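I have placed the structure first, in the form of structure tokens, so that the comments after it can refer back to it.
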Amino acid sequence: MITRRERALNYAILTVFAGLALLPLVGVVSSALTPAEESSSSFTWPSSLDWGNFSAAWTQGHFGSYLGSSVLVAVSVVLLTSVLAILAGYSFAHFQYRGRSALFYLTLVGLMVPPEAFVIPLYFDLRDMGLSDTYWSLILPQTAQSLAFGVFWMRNFFRSVPRSVIEAARLDGASDWRVLWGILVPAGRPALLTMAMLVFMWTWNEFLLPLVMITDEAKRTVPLGLAFFQGQHTTQFSLLAAASVIVALPVVLLYVFLQRHFISGMLSGAVKG
Numbered sequence: 001m002i003t004r005r006e007r008a009l010n011y012a013i014l015t016v017f018a019g020l021a022l023l024p025l026v027g028v029v030s031s032a033l034t035p036a037e038e039s040s041s042s043f044t045w046p047s048s049l050d051w052g053n054f055s056a057a058w059t060q061g062h063f064g065s066y067l068g069s070s071v072l073v074a075v076s077v078v079l080l081t082s083v084l085a086i087l088a089g090y091s092f093a094h095f096q097y098r099g100r101s102a103l104f105y106l107t108l109v110g111l112m113v114p115p116e117a118f119v120i121p122l123y124f125d126l127r128d129m130g131l132s133d134t135y136w137s138l139i140l141p142q143t144a145q146s147l148a149f150g151v152f153w154m155r156n157f158f159r160s161v162p163r164s165v166i167e168a169a170r171l172d173g174a175s176d177w178r179v180l181w182g183i184l185v186p187a188g189r190p191a192l193l194t195m196a197m198l199v200f201m202w203t204w205n206e207f208l209l210p211l212v213m214i215t216d217e218a219k220r221t222v223p224l225g226l227a228f229f230q231g232q233h234t235t236q237f238s239l240l241a242a243a244s245v246i247v248a249l250p251v252v253l254l255y256v257f258l259q260r261h262f263i264s265g266m267l268s269g270a271v272k273g
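In case it helps, UniProt numbering puts the sequence shown at residues 1 to 273.
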């Protein structure tokens, strides 16, 4: 049993590490609220709060358009990855067929191949198909990138469900389709939401693919837009900090909103290998 002294020590250590993790975030927010004439590259505490930096960064950086592109790409990737991962994970977890294990481990190779290894040939392939400089050139590759993790994640969850639950449903006349969508998917909502949130975050932060695939400014995603904005405002630190907050805010809000499901999903998504 944990004593009061040990609990106090644990909280003290966690508080120190939490402070170290939050300090850079506080510095960015502080810089974003610093008036332009006071801004600098070092940590500064503003004498007054200048909320106009956010509106200036939003207008000058065209982040409204970039956010729309990122939302479209990220939501599409999450939906496609979720549906395909559910179907493939259920197949690998509960169906018996020749080559199942080999096909599963072949799928996991996608976790080991870095995007830098295939982005150039991928660009030429998509260009020959007429898909370069379109949203599909971002959605399809990032869905493929996320699918290996999604299949692994959902397979582990489906294998953690007691087989008696599935057998009872089949005794009641439920088909495999009904078992999957009527029983397993609703029961796996925390694991599914955790997977969706991680895929959304990875897709939102992707920089290399948009840099290679997209030349049309209207189709730029927020990381790419932020990079161009930084190149145009290298010494305007308050504007850069405000733009960074704008880019990161959707992911932060999503995490805060889904925090309870995220923690529950992390505990249940990889229970059984």
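Even for Gly, the Cβ is constructed at its ideal location relative to N, Cα and C. These numbers were taken from a predicted model, which means no experiment stands behind them.
Considering only Glu217, Val78 and Arg7, the residue with the shortest C-alpha distance to Leu193 is Val78.
The straight-line gap separating the alpha-carbon atoms of Gly182 and Ser164 is approximately 16 Å.
With a 10 Å radius around the Cβ and a threshold of 16 neighbouring Cβ atoms, Asn156 comes out buried. Scanning the region 115–183 for uninterrupted alpha helix (DSSP H) segments of 4 residues or longer gives 119–128, 136–160 and 163–171, listed from N- to C-terminal end.
A direct Cα-Cα distance of roughly 43 Å separates Ser82 from Ser39. The beta-carbon distance between Ser70 and Ile139, rounded to whole angstroms, is 12 Å. This is too long to meet the 8 Å contact definition. Taking Ser132 as reference, the option from Phe152, Arg4 and Thr215 with the minimal CA-CA separation is Thr215. Here Arg98 is exposed: its Cβ has fewer than 16 other Cβ atoms, across all protein chains shown, within 10 Å. In this structure, DSSP gives Leu49 a state outside helix and strand, which the three-state scheme calls coil.
Under the three-state reduction of DSSP output, Leu258 falls in the coil class, being neither helix nor strand. According to the DSSP assignment, Leu211 belongs to the alpha helix (DSSP H) that extends over Leu208 to Met213. In the structure shown, Val113 adopts coil according to DSSP, grouped into three states. Here Phe95 carries a coil assignment [DSSP, helix/strand/coil]. Between Ser47 and Leu258, the alpha-carbon positions lie close to 35 Å from each other.
Distance between Gly231 and Pro210, taken at the CA atoms: about 17 Å. Fewer than three pairs of CB atoms, one per stretch, sit closer than 8 Å, so the region 108–115 makes no contact with the region 168–181.
Distance check between Leu240 and each of Ile2, Leu254 and Asn53 places Asn53 closest, using alpha-carbon atoms only. Judged by DSSP secondary structure, Gly27 falls within the alpha helix (DSSP H) whose first and last residues are Arg4 to Ala32.
With contact defined as three or more Cβ pairs closer than 8 Å, the region 192–208 and the region 13–33 are not in contact. Residue state for Pro35 is assigned as coil, using DSSP reduced to three classes. Judged by DSSP in its simplified three-state form, Thr107 adopts helix. Here the alpha carbon of Gln142 sits roughly 23 Å from the alpha carbon of Gly188. In the three-state scheme derived from DSSP, where H, G and I count as helix and E and B as strand, Gln236 is classed as coil. Restricting attention to Arg5, Ile2, Ala36 and Ala18, the CA atom closest to the CA of Thr235 is found in Ala36. Straight-line measurement puts the Cα of His233 at about 21 Å from the Cα of Lys219.
From the listed residues Ala102, Val245 and Trp204, the smallest Cα separation to Ser55 is found for Val245. One thing to note: Trp153 has its Cβ within 8 Å of the Cβ of Met195. By the criterion of a C-beta distance shorter than 7 Å, Phe229 is surrounded in its chain by Gly61 and Ala243, once the five residues flanking it on both sides are discounted.
In the DSSP assignment, Arg189 falls within the unbroken alpha helix (DSSP H) covering Arg189 to Asn205.
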